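Colleague:
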Amino acid sequence: MRIIIYILLVFFVISCSVNQNYSARYCKVSYSKEDNYVMDIFCESKLTTLIGGHGELEKQYSYQDSSKIYITNFICSMLNYNNVLNLGDSISNIRLKDLELTKALLREQEKLYVPDTLVLQGVTKQGLFWKDIRMGSISIGYVNVSVSKKELFDKMLNTLKKR
Numbered sequence: 064m065r066i067i068i069y070i071l072l073v074f075f076v077i078s079c080s081v082n083q084n085y086s087a088r089y090c091k092v093s094y095s096k097e098d099n100y101v102m103d104i105f106c107e108s109k110l111t112t113l114i115g116g117h118g119e120l121e122k123q124y125s126y127q128d129s130s131k132i133y134i135t136n137f138i139c140s141m142l143n144y145n146n147v148l149n150l151g152d153s154i155s156n157i158r159l160k161d162l163e164l165t166k167a168l169l170r171e172q173e174k175l176y177v178p179d180t181l182v183l184q185g186v187t188k189q190g191l192f193w194k195d196i197r198m199g200s201i202s203i204g205y206v207n208v209s210v211s212k213k214e215l216f217d218k219m220l221n222t223l224k225k226r
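Read in order, the letters of the sequence shown are residues 64 to 226 in this note's numbering.
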């Protein structure tokens with residue numbers, strides 16, 4: 064009986080320490096007043112905002128372990144540009160172009176259907192996960208995520224809502 068209690072105690076301590084870098088406390092962050100998107104992310108992050116010359120905006124939230132989550136209206140976040148480019152397939156090529164322009168050109172040529180949502184993901188040479196989701200005019204995603212935190216980051220992405 065003592066061995067079972069000891070094993071359960073060890074399991075409990077290990078499971079608590081796996082997620083110690085991220086508290087269960089989420090913060091609702093907004094993208095911009097014009098686009099009106101909100102997403103729940105872990106509060107212990109540092110915000111970096113990038114602004115482009117044509118009304119582009121990117122918000123990056125960084126964590127102590129170098130993982131980042133973002134929301135942007137750039138064609139592709141610079142955080143995941145090389146990851147998307149390295150896929151080297153037809154979907155990644157479409158992803159790196161202006162989606163609305165690409166759809167219009169392909170409709171004119173009646174060649175290819177491009178969905179409103181494109182999901183690209185993979186693993187870096189360092190064994191860290193990345194994901195990029197293009198939904199209409201915005202993209203959300205993450206980079207440098209360890210296998211133990213991938214599910215948590217996917218959950219954060221799934222909270223994106225348009226008000």
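Even for Gly, the Cβ is constructed at its ideal location relative to N, Cα and C. Quick caveat: nothing in here was measured; it's all calculated off a predicted structure.
Return yes when the Cβ of Y133 is within less than 7 angstroms of the Cβ of S125, no when it is not.
Modeller: Along the sequence shown, one-based indexing puts residue 125 at 62. Along the sequence shown, one-based indexing puts residue 133 at 70. Not a contact, by the Cβ cut-off of 7 angstroms.
Colleague: Can you have a look at S202 and say buried or exposed, based on whether 16 or more other CB atoms are within 10 angstroms of its CB?
Modeller: As a first step, residue 202 is located in the sequence shown; it is residue number 139 there, counting from the start. Looking at its Cβ environment, which holds 16 or more other Cβ atoms inside 10 Å, S202 is buried.
Colleague: Identify whether N207 lies in helix, strand or coil by the three-state DSSP scheme.
Modeller: Along the sequence shown, one-based indexing puts residue 207 at 144. DSSP places N207 in strand when its eight states are reduced to three.
Colleague: As a quick exercise: from R197, N207, D179, L183, pick the residue whose alpha carbon is nearest that of G190.
Modeller: Along the sequence shown, one-based indexing puts residue 190 at 127. When each option's Cα is compared against that of G190, the closest is N207.
Colleague: With distances taken between CB atoms, is the gap from W193 to N145 smaller than 7 angstroms?
Modeller: Reading the sequence shown from its first residue, position 130 is the one you call residue 193. Reading the sequence shown from its first residue, position 82 is the one you call residue 145. No; because the gap between Cβ atoms is not below 7 angstroms, this pair is not in contact.
Colleague: For M141, report the span of its beta strand (DSSP E) as first-last.
Modeller: One-based indexing of the sequence shown puts residue 141 at position 78. That residue, M141, is in no beta strand (DSSP E); it is neither H nor E in DSSP.
Colleague: When you compare the CB positions of M219 and I138, do they come within less than 7 angstroms of one another, or not?
Modeller: Within the sequence shown, the letter at position 156 stands for residue 219. Within the sequence shown, the letter at position 75 stands for residue 138. Against a cut-off of 7 angstroms, the Cβ pair of I138 and M219 comes out as no contact.
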